[in-house]
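Everything on this sheet refers to the single structure shown next.
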Amino acid sequence: MSTEDGSFEVLEGYPEDVVAISAHGHISRQDYEDVLIPLVEARIKKEGKVKLLYVCGSDFEGLSAGAALDDAKLGLLHLGEFARVAVVADADWIRLGVRMFAPLMRCPVHLFHLGETEVAKAWLLKDVPEDAGGPEVAADRKLPTLEDKM
């Protein structure tokens with residue numbers, strides 16, 4: 006695949022509350038706006054909360070700046086509507102990025118290598134109480150100031 010070609014493949018065979026996609030090639034803003042964003046928003050509207058399986062295939066080359074912005078916006082706009090996120094990737098820069106931003110998510114976020122895709126699926130589908138938590142920041146409440154603590 007050249008750096009101009011990219012696409013999301015929607016992975017089938019998952020429960021309705023799961024958005025499972027595989028990224029191939031160089032993902033553009035248009036890929037987010039045509040595929041991933043509408044899919045996530047439709048599932049959230051139907052299910053309330055969704056689980057996300059995001060697989061960066063072995064042929065994944067990266068994201069355009071617009072796609073990276075759309076990715077961040079999608080996560081922030083729907084911060085409380087993800088139940089779990091599993092990211093499957095071998096690229097060090099993706100793994101580092103996920104580690105940096107996982108604490109901002111209000112749900113468990115786990116990283117897996119491509120060879121662990123089946124483990125990622127099992128973790129994502131595992132029944133866990135909603136309050137089991139994970140890396141999270143209480144984005145729906147203000148953080149106490151020093152004066153509030155006195």
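For the sequence shown, my numbering assigns the number 6 to the initial residue and increments by one for each residue that follows. All residues carry an ideal CB built from backbone N, CA and C; glycine is no exception.
If you draw a 10 Å sphere on the C-beta of K50, you find fewer than 16 other C-beta atoms in it, and that means exposed. Residue burial is scored here from C-beta neighbours: L68 has at least 16 other C-beta atoms within 10 angstroms and is therefore classed as buried.
Assignment of beta strand (DSSP E) within the region 68-140, counting only whole runs of 3 or more residues, yields 87-93, 114-117 in chain order.
Taking every protein chain shown into account, the CB of M105 has fewer than 16 other CB atoms within 10 angstroms, so this residue is exposed. Distance from the Cα of G120 is smallest, within the candidate group I32, P20, C61, for C61.
Taking C-alpha positions only, A73 is separated from S63 by approximately 19 Å. Taking the Cα positions, A77 is about 16 Å away from W98. Per DSSP, reduced to three states, the secondary structure at Y59 is strand. In the structure shown, the three-state DSSP call for D36 is helix. Beyond the five residues adjoining it in sequence on each side, T122 comes within less than 7 Å, by CB distance, of V60, V93 in the same chain, given in chain order.
Straight through space, the alpha carbons of R89 and V114 are spaced by roughly 6 Å. Cα atoms of L116 and V15: separation of roughly 19 Å, rounded to the nearest angstrom. Of the candidates F87, L58, H118, L58 places its Cα closest to the Cα of S27. Between D10 and I42, the beta carbon gap of about 20 Å keeps them out of contact (Cβ cut-off 8 Å).
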